[in-house]
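Working notes for the structure below.
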Amino acid sequence: MEGYLVTFFTQENREHNKTSLANWIIEEAKSLGVRGATLFSGQEGFGHDGRFHSGNYFDLEDRPQQVVLALTYDECDRLFRNIKENKLQMFYTKVRAEFGYTSEE
5 MEGYLVTFFT QENREHNKTS LANWIIEEAK SLGVRGATLF SGQEGFGHDG RFHSGNYFDL
65 EDRPQQVVLA LTYDECDRLF RNIKENKLQM FYTKVRAEFG YTSEE
């Protein structure tokens, strides 16, 4: 299959409709029939505003997160359309990719 490897960057404390933004992306992708998504939580990072975000022992809410998905062209178009319709703003990367399974089993 061909499509895109898409990574969305957010923080644990960002929400949409009372759901963490990262989980909203995953649930939205699942509802569109996407085969899978992976959520990574980072230790520390900084955003476009230069402000550091980190998760520490006392406060995990600001921890940086990434959601990574391998999407067909159509899945990517539909997911980005839903994000736009919900007026969500996030930084992302989108790279052309070939993907599939190593075995037919």
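Per my numbering, the very first residue in the sequence shown carries number 5; after that it's consecutive. A virtual CB, placed ideally from N, CA and C, is assigned to each residue, including glycine.
query: From Val72, Ser35, Lys34, pick the residue whose C-alpha is nearest to that of Ser45; which is it?
result: Your numbering for residue 45 matches position 41 in the sequence shown. Of the listed residues, the one whose Cα sits closest to Ser45 is Val72.
- prompt: Taking buried to mean at least 16 other C-beta atoms within 10 Å of its own C-beta, is Tyr105 buried or exposed?
  reply: The residue you call residue 105 lines up with position 101 of the sequence shown. Tyr105 is exposed by the Cβ-count criterion.
task: Report, in whole angstroms, the separation of the C-beta atoms of Gln69 and Leu43, which I expect to be a contact under 8 Å.
output: On the sequence shown, position 65 is the one that residue 69 refers to. On the sequence shown, position 39 is the one that residue 43 refers to. Going by Cβ atoms, the distance from Gln69 to Leu43 rounds to 6 Å, so yes, they are a contact pair.
message: Once DSSP output is grouped into helix, strand and coil, what is the label at Lys22?
response: Here residue 22 is taken as the residue at index 18 of the sequence shown, counted from 1. In the structure shown, Lys22 sits in coil (DSSP, three-state: anything other than H, G, I, E or B).
- prompt: Using the C-alpha atoms, what's the distance from Met94 back to Arg18?
  reply: In the sequence shown, residue 18 corresponds to position 14, counting from 1. In the sequence shown, residue 94 corresponds to position 90, counting from 1. Rounded to whole angstroms, Arg18 to Met94 spans 10 Å at the Cα level.
Glu102, DSSP secondary structure in three states: For the purposes of this step, residue 102 is taken as residue 98 along the sequence shown, with counting starting at 1. Strand.
query: Hey, Arg82 and Leu36 are a contact pair by Cβ (cut 8 Å); roughly how many whole angstroms apart?
result: Taking the first residue of the sequence shown as position 1, residue 82 is located at position 78. Taking the first residue of the sequence shown as position 1, residue 36 is located at position 32. Yes, they are in contact, since the Cβ atoms of Arg82 and Leu36 sit about 5 Å apart, within 8 Å.
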